[in-house]
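Colleague: Below you'll find the structure I mean.
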Amino acid sequence: MKIRLARPGDGVAVARLAALAVPDPDADRQGDGDLAKGVDQRGGRHRVPYGQARILVAVDQQHTVLGMCNIHPAISLAQQHPHLGAHVQQRLADRIGELDVLAVDTTAQGRGIGCNLLRTAEAMLATRGTTQLIAQVRSTSALQWFSRRGFTFPSPNKVFAFKFEGHFIGIDALSVTGYRQGYKPLH
Ligand SMILES: CC(C)(COP(=O)(O)OP(=O)(O)OC[C@H]1O[C@@H](n2cnc3c(N)ncnc32)[C@H](O)[C@@H]1OP(=O)(O)O)[C@@H](O)C(=O)NCCC(=O)NCCS
Numbered sequence: 004m005k006i007r008l009a010r011p012g013d014g015v016a017v018a019r020l021a022a023l024a025v026p027d028p029d030a031d032r033q034g035d036g037d038l039a040k041g042v043d044q045r046g047g048r049h050r051v052p053y054g055q056a057r058i059l060v061a062v063d064q065q066h067t068v069l070g071m072c073n074i075h076p077a078i079s080l081a082q083q084h085p086h087l088g089a090h091v092q093q094r095l096a097d098r099i100g101e102l103d104v105l106a107v108d109t110t111a112q113g114r115g116i117g118c119n120l121l122r123t124a125e126a127m128l129a130t131r132g133t134t135q136l137i138a139q140v141r142s143t144s145a146l147q148w149f150s151r152r153g154f155t156f157p158s159p160n161k162v163f164a165f166k167f168e169g170h171f172i173g174i175d176a177l178s179v180t181g182y183r184q185g186y187k188p189l190h
C-alpha cells in the first residue's frame, strides 16, 4: 500500500470514496462532481482560504485507489474569529489543521489503510508546523475509531478552548455543517 498525493485521473475514485463519509451521498452529488473535476484538473493540491488543501490517496500494487483523505488549514475556525484580525487568523489557520474527509473502500476496511492515511496526513501537517488537528466526523462508528487514535470529542453542549497568542479560541462540538468535531495535538 502506498500513500501519495492525488493526481489527475484519480478524480472519480476520490469522489466515490469521499461519498462514503457523508451520510446522504445523494445530497452531496454536486459536491462530488466538483471534487472529481478538481482532482482531474489540478491533482491533489488545491488553493483554499489561508493556504492549500491536500488530497492524499492510498493505492495498492495494482494502482487501485482504496482510500483518501483531505487535509487543509482550519478555515472555518479562523473565519469564526474575525475579531483577531487577518494576520492572527492566518497564523491560527497555519497552526491548526483540519481533516475534512477520511474514507476507505468498504472492501478494504480493517486492513490498516485508514490508520496509514491518518498517520501520513499527521506527519505531513506536523512537518509544516501544525500543532493541532481537527477532524470532522460524520458517523458514530467513525467517532470511536478517531477516539482510539487520540482525538477528543467535546460533548455537544461543550466547547474546547485553548489559548493562541493571548486569545481564547473555542472549538465547538459541532462543525458549521453540523458534524461532530474532535481535536488532537500533533507532537
Ligand atoms: C473510519 C475509516 C476511515 C477507518 O478506515 P480503516 O482502513 O477501516 O481503518 P483501519 O484498518 O486503519 O483500522 C480499523 C481497525 O483495523 C485494525 N487494524 C489496523 N491495522 C491493521 C492491519 N494491518 N490489519 C488488520 N487490522 C488492522 C485497527 O486496529 C482498527 O481497529 P480498531 O478501530 O478496533 O482500533 C473507514 O471505516 C471508513 O472509510 N468509514 C466510512 C467513512 C467515514 O466514516 N469516515 C470518517 C469520517 S470523515
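Note that the working numbering has the sequence shown beginning at 4, numbered continuously upward.
Virtual Cβ for every residue (Gly too), placed ideally from N, Cα, C.
Whole beta strand (DSSP E) runs in the stretch 53-118 with 3 or more residues, listed along the chain?
Modeller: Those beta strand (DSSP E) runs which fall completely within the stretch 53-118 and span 3+ residues are 54-62, 68-76, 99-107.
Colleague: Could you work out which residue in GLN92, SER79, ARG151 is closest to GLU168 when comparing CA atoms only?
Modeller: Here the closest residue by C-alpha is GLN92.
Colleague: How many Å lie between ARG2 and SER158 at the Cα?
Modeller: Any answer about residue 2 is impossible in this case: the structure gives the chain only from 4 up to 190.
Colleague: Closer than 6 Å is what we want: which residues have a beta carbon that near any heavy atom of ligand 1? List them in chain order.
Modeller: Selection output, chain order preserved: LEU23, ALA24, VAL104, LEU105, ALA106, VAL107, GLN112, GLY113, ARG114, GLY115, ILE116, GLY117, CYS118, VAL140, ARG141, SER142, ALA145, TRP148, ARG151.
Colleague: Can you name the residues that DSSP bridges to ILE187?
Modeller: Residue identity differs from the one stated: residue 187 is Lys in this sequence, not Ile. DSSP output for LYS187 lists LEU136 as bridge partner(s).
Colleague: Give me the DSSP bridge partner(s) of ASP175.
Modeller: DSSP lists VAL162 as partners of ASP175.
Colleague: Taking the beta carbon of LYS187 as the centre, do at least 16 other beta carbons fall within 10 Å, making it buried, or is it exposed?
Modeller: Classification for LYS187: buried.
Colleague: Mapping DSSP to helix, strand and coil, what is THR143?
Modeller: If DSSP states are grouped into helix, strand and coil, THR143 belongs with the helices.
Colleague: With LEU23 as the anchor, note down where its alpha helix (DSSP H) starts and where it stops.
Modeller: Looking at the DSSP string, LEU23 is not in any alpha helix (DSSP H), and its letter there is neither H nor E.
Colleague: What residues match up with ARG48 in a beta bridge as DSSP calls it?
Modeller: DSSP lists ARG57 as partners of ARG48.
Colleague: Under three-state DSSP, which class holds THR123?
Modeller: Three-state result, THR123: helix.
Colleague: Taking 8 Å as the cut-off, does the stretch 75-89 touch the stretch 9-24 (at least 3 CB pairs, one atom from each stretch)?
Modeller: No, the stretch 9-24 is not in contact with the stretch 75-89.
Colleague: Which residue from LEU121, LEU87, GLY54, ASP13 puts its Cα closest to that of GLY47?
Modeller: The candidate whose alpha carbon is nearest that of GLY47 is ASP13.
Colleague: Taking ILE99 as the reference, give the member of HIS190, ILE6, MET4, ARG7 with the closest Cα.
Modeller: Comparing Cα-Cα distances from ILE99 to each of HIS190, ILE6, MET4, ARG7, the minimum goes to HIS190.
Colleague: Under the rule that 16 or more other beta-carbon atoms within 10 Å means buried, what is ILE174, buried or exposed?
Modeller: It counts as buried.
Colleague: State yes or no: is the C-beta of LEU120 within less than 8 Å of the C-beta of GLY70?
Modeller: Yes.
Colleague: Report the option in ASP108, GLU125, GLN55 whose CA atom is closest to the CA atom of ALA96.
Modeller: Of the listed residues, the one whose Cα sits closest to ALA96 is GLN55.
Colleague: PHE154 and ALA138 look like a contact to me (Cβ under 8 Å); what is the Cβ gap, rounded to whole Å?
Modeller: Sure, about 6 Å apart at Cβ, within 8 Å.
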